[in-house]
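Note that full-length UniProt numbering has the sequence shown beginning at 1, numbered continuously upward.
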Amino acid sequence: PPPFSLPKTGEMVALKKVPLRRPEEGVPPQTLREIKALREIDDHPHVVRLRGVFAQGPAVVLAFDFLVGDLGGLLRAAPAPLSPPRIRALMAMTLRGLGYCHEQH
Numbered sequence: 001p002p003p004f005s006l007p008k009t010g011e012m013v014a015l016k017k018v019p020l021r022r023p024e025e026g027v028p029p030q031t032l033r034e035i036k037a038l039r040e041i042d043d044h045p046h047v048v049r050l051r052g053v054f055a056q057g058p059a060v061v062l063a064f065d066f067l068v069g070d071l072g073g074l075l076r077a078a079p080a081p082l083s084p085p086r087i088r089a090l091m092a093m094t095l096r097g098l099g100y101c102h103e104q105h
């Protein structure tokens with residue numbers, strides 16, 4: 001999805017829309033846990049920061065820092081198989097971010 005500009009600050013964010021399967025039951029516990037965990041994570045260079053959460057119709061929208069690319073796009077755009085050093089570097093960054101998230105909980 002295209003980036004969205006925050007009305008008050010003009011900052012660009014990426015939006016993740018989580019549709020509610022049963023809006024009458026409210027936000028599912030799994031989604032609430034995800035939001036709570038993301039709010040508790042401090043700044044880390046390998047974790048995208050949650051900027052805010054809001055309701056939009058029968059959905060919850062999570063606003064994250066906007067990044068120009070993502071790992072999936074990087075992998076799809078690679079002209080040839082990635083070199084072992086590049087794979088190690090990408091895995092190290094991913095695992096550092098994941099490890100940090102687990103340390104927080």
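Beta carbons are placed, not taken as given, at the ideal position from N, Cα and C, and that holds for glycine.
- Counting only the Cα atoms, C101 lies some 26 Å from L6.
- Each residue's CA atom was taken as its position, placing L38 and R21 some 22 Å apart.
- Runs of the alpha helix (DSSP H) lying entirely within the stretch 34 to 103 and spanning at least 4 residues, in chain order: 71 to 77, 84 to 103.
- The Cβ atoms of L50 and A14 lie no closer than 8 Å to each other.
- Rounded to whole angstroms, the separation of the alpha carbons of Q104 and E25 is 29 Å.
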